[in-house]
Amino acid sequence: MKANLIKGSCQVIAVFMLLFSLAIHGDQDVSAQSSLQTAITNLKQGSMAEREQAINQLAENGSASLAILQALLDGQLFTLKTDMTLVIGVDNNQGYDVRDALTGTALGAMDRGAVNKINLTNKLRVSLRRTIGQLQLTVEDPAIRLAAVKAMGNEDDESVLALLKARLDLEKDATVKQAIQVVFLLKDMNSSDKSLRVNAIEALKNQNSLDVVNRLNAMVEKDEAGNFIETDADIRNAAKAALININTRLQLYSSAETVFFGLSLGAVLVLAAIGLAITFGVMGVINMAHGELMMLGAYTTYVMQQLLPNHLGVSVLLSIPVAFVISALVGIAIERGIIRFLYGRPLETLLATFGVSLILQQSVRSIFSPLNRSVATPEWMSGSWQVNDFLSLTWNRFYILVFCLMVFLLLLQILKRTRLGLEVRAVAQNRNMAKAMGIPTSWVDAMTFGLGSGIAGVAGVALSQITNVGPNLGQAYIVDSFMVVVFGGVGNLWGTLVAGFILGIANKFLEPFAGAVLAKILVLIFIILFIQKRPRGLFPQKGRAADS
Amino acid sequence: MNRISTKLRKLSIVAMVAALTLAAGTVRAEDTIKVGVLHSLSGTMAISETTLKDTMLMLIDEQNKKGGLLGKKLEAVVVDPASNWPLFAEKARELLTKDKVSAIFGCWTSVSRKSVLPVIEELNGLLFYPVQYEGEESSKNVFYTGAAPNQQAIPAVDYLMNDLKVKRWVLAGTDYVYPRTTNKILEAYLKSKGVASKDIMINYTPFGHSDWQSIVADIKKFGSAGKKTAVVSTINGDANIPFYKELGNQGVSAEKIPVIAFSVGEEELSGMDTKPLVGHLAAWNYFMSVDSTKNAAFIEKWHEYTKNPKRTTNDPMEAHYIGFNMWVKAVEKAGTTDPDAVQKAIIGVDYPNLTGGTAKMLPNHHISKPVLIGEIQDDGQLMTVWQTNTLVDGDAWSDFLPESKPIIADWTSPINCGNYNTKTKKCSGQKY
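So the protein lines, in turn, are chains A and B. This note's numbering applies: residue 32 is where the first sequence begins, and numbers increase by one. This note's numbering applies: residue 41 is where the second sequence begins, and numbers increase by one.
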């Protein structure tokens, strides 16, 4: 009742606002206002074509509609189910904080069910982005202006060009100014004035822009009869020279990109394998449930996000220690419950841990359902660092690469500097001697296994950010992990690191030529051949301990 | 060592006894009509197939509430082929010989269907297959209630070509029979429409592929050649999340390069972070968001049955809904559950689908369906942006592949063949 009253009064205010604005634009035609009204109605109820019209009408209204259009693009524009008022709603995790779109009056928090979202299609989104771009050319923030110029990009529309031209004279920011200049230079490349064209090509050859590459490529293309489409030889030669210039840079950036892809794939492999390097490498236990321990880590991230729905970033960071503890505890339980009875019997350990992996998978299926769970990526991990048109590095991969190195260094320090590390190394080298020196070997076994499992859990947190969180997550990585450990040399952490990166980079360099399927096969064949030659891997353990 | 193995032996005996008693429990008096449900409840495909098992149980339950069939109650026999293709064949044999089911509803992947095919033909059973597939098959014993390529892939490409003016095409798929065949058909179709080979990029990835960096970078490069580009994706369920995530992260938005998917539905979307997916497309014959009274009623029943108001419905569920009800109608028409009689009776049977049309069982064992194209919304639903005016008849043998162009399937007299060559006027003799 009260809510209705508020809404009612808001409408009254809205009407007053309208009247007020009418009074200001006294000399303007009243029909402008009514067309705005129809635009709003069309936006609310019209078909997609009518919505597009409405967007254009709103754009003519100038920057006053910018908030509405931006909200529409961001998916924050709604109508109230009760009386079709146009509102902007900001997600507050329980529902929406709603304010009237026309007047800006806050209407308080509302349930998700109380509003209908105004949907968009791709076509509308494109035209909306362009429209907003035009309105945003005068905004304070240069980054927004730059995006606006890019959104208007290859427009042939005269009015847009006029807008840009006007902006060019006013623009203070160098990058934005350059972006606008590029737009005009690209236009010049198709002009009828030859000197203008040559100049444009000359000016553009130092630009790292795909648009430029496309235009230049079009200039040196032949038609079906084998004749050049571009008839002017001077222009063709200028374009060719410019292309050579650009292509060298393009090549350079694309190799840099491939190396980054390889390193990031390698980082994932290393993360998945490093826990195994401890349990398999140091202890000699073939743990087929290693992948499922990673899966537990990934599910921990999911649960943490459910517990802290408002703090995506914090929940992911918190998941790291929590996942470590959970996976480590499960690992210790597996060691104490099963593996400790099977030391020295690798085949039986393999079968038993394979059974454990199936049990873990099916229990996750029963608890969380067989469907994948959606784990959200925090804002700072999505998107990419766009160096230029030719090179962009994705943030999530970048962070995982850094994270992988941190985990590796930490683990190395634990093994080198702590008492536990000392004991682990001692037991790995000579169990009986260690026992004789008073080291509680069975306790060390449990702790080592827990450490390896915990690292697997931490890897799971990282994996949740790039792949499916589902019962099959572990299976997808177990083969790769073993491959990395065996290739790197059993019992050597550095070997695991180097092997992971080598395999990652090799895979990524092979992929463009061989395709993803064949690349994997080739890498596998390479490893088989390598193991034939050097059965102990890249960095074999040396000394008497290794021979026993 | 000995102690453990005797313990294990004892355990396994207990387990076997338990399994036997369970099996005995399912064998009941003969006054029921048995319906086999052959969907994986464990393993990789459990993600998609468990929902279909629940759908079948709901449909059977509902039919029983209406008084059963031919005066008898229906009884579901649920088996778990565990995403293991040979096990599908074994379980199908078990259903037909031991449980003597009147019809089987099941399978998801094409390879599981191909594995069941010889068994079902040998024992003359009935299989209702509810998933969109690559075509090039029509068995006497199988009813294909999912879409054939001409009911999904071809209209989707038409939409991209005519409405979005797409000029360059990426055909990306998982490396197995459905994407390979579909892409072969699509490639032939695109070329027949005048698309040059250099404007088509074909890419295959292994099952569950998770590192999409270089492929997405390639797509981005391919798409930045100044012509409107779209990706036609036959990428299988699990590989999709990392694929879309990578697209989002590398800044390939639906506005620049739209991706149209044939295997991503509401169910798969419910397990994804939908933010990077908004605006990408999917082509199906049913969306949960379709506004019709039948659909609303179906969704309500589904929520009631699963006691979960958030469960989604999807296209293969609708296919089972149509298939099951067609089978019921055919059995009533024939007055018996005898496979031969039902096979004859079911051709021509029609049943209202959930999107407001009426599906009809055609002589080639496929059904007529509307084709819908939807854009993914941030709530994980698909909003229809385009649909066919009329229902499209499923075509078993594609007209766009030279080798299957003259071939038709017709299980009515006088042809009675799933593989009939209209030029040589011969049935190939193959059973399918």
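No residue lacks a Cβ here, since even glycine has one placed at the ideal position from N, Cα and C.
The C-beta of B/Glu174 comes no closer than 9 angstroms to any C-beta of chain A. A residue is called buried once 16 or more other Cβ atoms fall within 10 Å of its Cβ, and A/Gln76, having fewer, is exposed. If the five residues before and after A/Leu103 are omitted, its C-beta is found closer than 8 angstroms to the C-beta atoms of Leu74, Ile86, Ile149, Leu151, Leu159, all from its own chain and listed in chain order. According to DSSP, B/Ile413 shares a beta bridge with B/Ala323, B/Trp426. Exclusion of the five residues before and after A/Ala477 leaves Ile363, Glu366, Arg367 as the residues of its chain whose Cβ lies within less than 7 angstroms of its Cβ. For B/Phe145, the uninterrupted beta strand (DSSP E) run begins and ends at 143-146, by DSSP.
Rounded to whole angstroms, the Cβ separation of B/Val206 and B/Ala257 is 20 angstroms, and the two are not in contact under 8 angstroms. A/Gly485 is outside the set of residues whose beta carbon lies under 9 angstroms from a beta carbon in chain B. Only those residues of the stretch 102-130 of chain A whose C-beta falls short of 7 angstroms from the nearest C-beta of chain B are listed: Gly106. Residue B/Lys409 holds the alpha-carbon nearest to the alpha-carbon of B/Asn190 among B/Asn429, B/Lys466, B/Asp418, B/Lys409.
CA-CA distance, B/Phe327 to B/Asn354, rounds to 6 angstroms. Here A/Trp416 carries a strand assignment [DSSP, helix/strand/coil]. The alpha-carbon of A/Val170 is positioned some 21 angstroms away from that of A/Phe215. The beta carbon of B/Lys267 lies closer than 6 angstroms to those of Lys207, Arg208 in the same chain, with the five residues before and after it left out.
By the CB criterion at 9 angstroms, A/Leu108 and A/Val118 fall inside the cutoff.
Residues of chain B with a Cβ closer than 7 angstroms to the Cβ of A/Thr162 do not exist; the shortest Cβ-Cβ separation is about 13 angstroms.
DSSP lists B/Asp433 as the bridge partner or partners of B/Ser408. A/Ala270 has its alpha-carbon roughly 16 angstroms from the corresponding atom of A/Asp224. For A/Met115, no alpha helix (DSSP H) encloses it, and the DSSP letter there is neither H nor E.
Taking a beta-carbon distance threshold of 9 angstroms, B/Gly266 counts as an interface residue toward chain A.
Residues Asn538, Leu541, Glu542 of the same chain have their beta carbon placed closer than 6 angstroms to that of A/Ala550, with the five preceding and five following residues left out of the count. Excluding residues up to 5 positions away in sequence, Ala381, Val382, Lys384, Ala385 lie with their Cβ nearer than 8 angstroms to the Cβ of B/Ala374 in the same chain. Under a 10 Å Cβ-count criterion, B/Asp331 is classified as exposed, with fewer than 16 other Cβ atoms of the shown protein chains found around its own Cβ. At a cut-off of 9 angstroms between beta-carbon atoms, B/Glu102 makes no contact with chain A. By the criterion of a C-beta distance shorter than 6 angstroms, B/Asp71 is surrounded in its chain by Lys112, once the five residues flanking it on both sides are discounted.
Annotated three-state conformation of B/Ser179 is coil, per DSSP. For B/Asn243, the closest Cβ of chain A is nearer than 9 angstroms.
The stretch 302-309 of chain A and the stretch 276-293 of chain A do not touch, with fewer than three beta-carbon pairs separated by less than 8 angstroms. Per DSSP, reduced to three states, the secondary structure at A/Glu171 is coil, with no helix or strand assignment.
DSSP places B/Met401 outside any beta strand (DSSP E), giving it a letter other than H or E. Between the stretch 450-467 of chain B and the stretch 391-406 of chain B, the count of Cβ pairs shorter than 8 angstroms is three or higher; the stretches touch. Burial check for B/Gly107: the Cβ neighbour count within 10 Å stays below 16, so the residue is exposed.
When 8 angstroms is used as the limit between beta carbons, A/Gln282 is near no residue of chain B, the shortest such separation being about 12 angstroms. In the DSSP assignment, B/Trp209 forms a beta bridge with B/Ile240, B/Ala270. Residue environment: A/Ile275 is assigned as exposed (fewer than 16 neighbouring CB atoms within 10 Å of its CB, all protein chains considered). With respect to B/Phe145, B/Met85 sits apart: the two C-beta atoms are not nearer than 9 angstroms.
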